[in-house]
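S.K.:
Residue numbers (the numbering used here): 210 to 1045.
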């Protein structure tokens, strides 16, 4: 025979001990059932056994679960609990068949008792399985081991009598010749009675109460006070004929069954007097009717259960009135109706089966009239009034706060709407009157009941006039007149005496809006494209007769024209599609001459052109922040005369360009450190001079260029003490260097050939009286000649190389001044006055 090893997959986290496995394998029935569980697990019909952290032990339909303290149990208790829960597993098909045979609707008056019986029957089967396994293990161990019989002990450890009851029943059945099946049925029924009062390990409720309410059945008032319950099965076939509950109050309730279905029930008091009884009749399609009677035999109710699971429950009250409750197949209430003693319906209420919310309530009066209340999902309501002939006479709507929002009245004879009143949340209202001639009026009232509007409509439904009033004073504030073609003019009467007139075309599109002052003169006139509603023009008119016309172009750009009181244009401004100014023209109102033109860029920067009366012009360039970055002036001939640049962050002038009539120019650059440069250009635009100035305004460097070739011709270097050096670059690539002291006096003149070699130099010294001396030297420093000059510049004396002077030769006063001068000029190419 196959054995259970304890390592099978279905055990999950459950770890049976060696002793427990020995007991399991002593029971062929339990082994076979555990192998059956393994097969179901393999086929994914059940899950592995698990530990319940909440402490309960049960088979929940998907797997067997053990209490978290199962490993503290004795082997006898563990195997007993296992045999009980496996009993639930192996009897699932039998449980389904038994339930299908006896089950009733959850709204049945006996549903609680029958659902309890179905559950207790499942427990009885599990107990019987437990008992069979117990007996097999006892026989295998020669009576030495008797595993636990689930339900045999109370919580306090005292006996429930279950073991003794089953032992006695089994012994009786064997002695009396009952078959094993009959013995099984009778033992199950005995166990059911014991289990009814036992608390379940998974929920704590007595099994009778737990199973009674498990499907939603309502417990009878006496159910919590159950003393005992017995089941009658005269032929031991497993088919019950009665279920009898005795309650601690002494009351008894008995359900009678015929051919596996309930046929009647009765409730009696402690003295045996019948309190109520129910008689059933069953249809072939599974539907049935339960008639409910009181103790005197009067019919007090009737429950009609349909084959689709729906139900209608009637209550017949002592005063002759009735009510009927309708349930859907899920047992949810969908309708509740009441009837008077004459059988006429007095009220009918409908419910949303899912939420239980009332969706409609109809109230019927004795004269046949009725009111239907509709409860909408958003919390709003409707009340519809019908006369005795069933014709609608009124339909009222209510908001979520219960306040009336609309009330409509009808002519009961013709069905024609005669009035419709619309109520706002603030208490204001609109009354619509539908006149017999087909015309209409709509009157608007504020929360205080004062009229604020009165509208008239023609027989074609088109509005002919609409008048508005100030609710406080009754003053007319607006009157709209509508033409037959659909066009209209709205007149607005403002509190300050001003007016507006708004023109609409037949399509209802606004085409013009004019404003008028208290004197009746127009102050503004706005025109619109009737097709698109786009504003095409707006004229703003001032009190002095001047005006501004705004033209809104189809591409989204705009133009604004300003006119003076004489109608002469004084300004024209253009705007881009983003509403930003792109160009602004200013004109002389008398002559029409353009005075100024300002061009704006997309980033907000721009150029402002000023046209002066003398024909000259100015142009100012500004950045997006409005800071001037350049300012240029132009002569009457249009040629630029000056151009000044600025740092937009600080406003500091950074450059100034001065242009002469002949086309030449000087560019002044003002550096951030306070130094400057000046660049001179000839008429051809070629640079002729470049000068640099320090932060004190003193010139430090000055470069000169040939305007035709760009060749540098001279460079002057100025020193801090006022002295300077002038470099002259000759066309033959030779160079002259002239050095001046701080007083501006020339003190040295050097010459260099094209290779940069010194060819000679002359030094000048000055006397206190203003005279000076000039000494010429050769490239190696030998003296070539000298001259003395008076303070008036006249030559006093001179000497030349022909005298063979050396550096330390003295000046001989006897020299021939004229001859020296002639010789010096001849030898060196310089005039004797040294005027360079």
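Glycine included, C-beta positions come from ideal geometry on N, C-alpha and C.
Model, not experiment: these values are computed from the prediction.
Do you know offhand how far residue 1029's Cα is from residue 862's?
M.R.: Note that residue 1029 scores 30 on pLDDT, short of 50, meaning its location in the model is unreliable; the coordinates nonetheless yield the value given after this. In a straight line, the C-alpha of residue 1029 is about 57 Å away from that of residue 862.
S.K.: Please name the residue in 447, 445, 641, 465 whose C-alpha comes closest to that of residue 453.
M.R.: With distances taken between Cα atoms, residue 453 lies closest to 465.
S.K.: Expressed to the nearest angstrom, what Euclidean distance is found between the alpha-carbon atoms of residue 400 and residue 328?
M.R.: Computed Cα separation, rounded: 12 Å.
S.K.: Are residue 997 and residue 986 touching if we call contact CB-CB under 9 Å?
M.R.: Taking 9 Å as the Cβ cut-off, residue 997 and residue 986 do not qualify as a contacting pair.
S.K.: In the DSSP assignment, what residue or residues form a beta bridge with residue 912?
M.R.: Residue 912 pairs with 899, 924.
S.K.: Out of 480, 732, 1005, 959, which one is the CA nearest neighbour of residue 990?
M.R.: Among 480, 732, 1005, 959, the Cα nearest to that of residue 990 is on 959.
S.K.: Helix or strand or just coil, what does DSSP make of residue 1042?
M.R.: For residue 1042, the predicted structure reports a pLDDT of 33, less than 50, and the residue's modelled location is therefore unreliable. A value from the coordinates is still provided. Three-state result, residue 1042: coil.
S.K.: DSSP state of residue 1015, grouped into three classes?
M.R.: A caution first: residue 1015 carries a pLDDT of 27, below 50, which makes its placement in the model unreliable, though a value can still be read off. Three-state result, residue 1015: coil.
S.K.: Which class does residue 822 belong to by DSSP, given the choice of helix, strand or coil?
M.R.: Looking at residue 822 - three-state DSSP - the assignment turns out to be coil, as it is neither helix nor strand.
S.K.: Can you give me the Cβ contacts of residue 541 inside the same chain, cut-off strictly under 6 Å, excluding the 5 residues immediately before and after it?
M.R.: 562.
S.K.: Nearest CA to the CA of residue 587: which residue from 247, 568, 713, 362?
M.R.: For the residues 247, 568, 713, 362, the minimum Cα distance to residue 587 belongs to 568.
S.K.: Counting beta carbon pairs with one atom in the region 352–369 and one in the region 403–418, are three or more of them shorter than 8 Å?
M.R.: Taking 8 Å as the limit for Cβ pairs, the verdict is that the region 352–369 does touch the region 403–418.
S.K.: Just tell me which of 801, 804, 798, 761 has its CA closest to the CA of residue 168.
M.R.: Nothing about residue 168 can be reported from this structure: the residues present for the chain run from 210 to 1045 only.
S.K.: With a cut-off of 8 Å, do at least 3 Cβ pairs link the region 295–311 to the region 276–283?
M.R.: No, the region 295–311 is not in contact with the region 276–283.
S.K.: Ignoring anything shorter than 3 residues, give me the beta strand (DSSP E) runs that lie fully in the region 435–486, in order along the chain.
M.R.: For the region 435–486, whole beta strand (DSSP E) runs of length 3 or above, ordered along the chain, are 435–441, 451–456, 461–467, 470–477.
S.K.: Compare the Cα-Cα distances from residue 628 to each of 634, 615, 677, 1003 and report the closest residue.
M.R.: Checking every option, the nearest Cα to that of residue 628 belongs to 615.
S.K.: For a test of the three-state rule: what should DSSP assign to residue 1006, helix, strand or coil?
M.R.: Strand.
S.K.: With DSSP collapsed to three states, give me the class of residue 586.
M.R.: Of the three classes helix, strand and coil, the one that applies to residue 586 here is coil, per DSSP.
S.K.: Going residue by residue through the region 275–355, where are the continuous alpha helix (DSSP H) segments of at least 4 residues, counting only ones entirely within it?
M.R.: For the region 275–355, whole alpha helix (DSSP H) runs of length 4 or above, ordered along the chain, are 284–299, 301–311, 320–349.
S.K.: Where residue 438 and residue 377 are concerned, what is the direct C-alpha to C-alpha distance, given to the nearest angstrom?
M.R.: So the alpha carbons of these two residues sit roughly 19 Å apart.
S.K.: Could you round the C-beta distance between residue 807 and residue 836 to whole angstroms and report it? I think they count as a contact, below 8 Å.
M.R.: About 15 Å; that fails the 8 Å criterion.
S.K.: Buried or exposed: where does residue 334 fall if 16 or more other Cβ atoms within 10 Å of its Cβ makes it buried?
M.R.: Buried is the call here.
S.K.: Can you say whether residue 787 is buried or exposed, counting buried as having 16 or more other CB atoms within 10 angstroms of its CB?
M.R.: Exposed is the call here.
S.K.: Going by C-alpha distance, which of 596, 604, 597, 574 is nearest residue 583?
M.R.: If we check each option's Cα against that of residue 583, 604 comes out closest.
S.K.: Which of the three DSSP states is assigned to residue 844 in this structure?
M.R.: Note: residue 844 maps to coil in three-state DSSP.
S.K.: Could you pull out every residue in the same chain whose Cβ sits closer than 6 Å to the Cβ of residue 242, ignoring the five residues on either side in sequence?
M.R.: Taken in chain order, the residues that qualify are 295, 299.
S.K.: Return helix, strand or coil for residue 1022, following the three-state DSSP convention.
M.R.: Note that residue 1022 scores a pLDDT of 31, beneath 50, so its modelled location is shaky; the value from the coordinates is reported in the next line. Note: residue 1022 maps to coil in three-state DSSP.
S.K.: Which value, in whole angstroms, describes the spacing of the CA atoms of residue 595 and residue 606?
M.R.: Approximately 15 Å, taken between the alpha carbons.
S.K.: Drop a sphere of 10 angstroms on the beta-carbon of residue 823, count the other beta-carbons inside from all chains shown, and report buried for 16 or more, exposed for fewer.
M.R.: The residue is exposed, with fewer than 16 neighbouring Cβ atoms inside 10 Å.
S.K.: Evaluate the contact criterion for the region 286–294 versus the region 334–345: three or more CB pairs, one atom per stretch, below 8 Å.
M.R.: The region 286–294, when compared against the region 334–345, does touch it at the 8 Å Cβ threshold.
S.K.: Do you know how far the Cα of residue 579 is from the Cα of residue 600?
M.R.: Rounded to the nearest angstrom, the two C-alpha atoms are 10 Å apart.
S.K.: Opposite residue 548 in the DSSP bridges: which residues?
M.R.: DSSP, once it has assigned bridges, lists 531, 554 as partnering residue 548.
S.K.: Just list the beta strand (DSSP E) runs in the region 831–885, keeping only unbroken ones of 3 residues or longer that don't cross its boundaries, in chain order.
M.R.: Whole beta strand (DSSP E) segments, 3+ residues: 837–843, 849–855, 862–868, 874–879.
S.K.: What residue range is occupied by the uninterrupted alpha helix (DSSP H) comprising residue 748?
M.R.: Taken as a continuous stretch (DSSP letters only), residue 748 belongs to no alpha helix (DSSP H), being part of the beta strand (DSSP E) at 744–750.
S.K.: Determine whether the beta carbon atoms of residue 621 and residue 639 lie at a separation below 9 Å.
M.R.: No, the pair does not count as a contact, with Cβ atoms beyond the cut-off.
S.K.: Residue range of the beta strand (DSSP E) that residue 1118 falls in?
M.R.: No information on residue 1118 is available, as it lies outside the stretch 210 to 1045 that the chain covers here.
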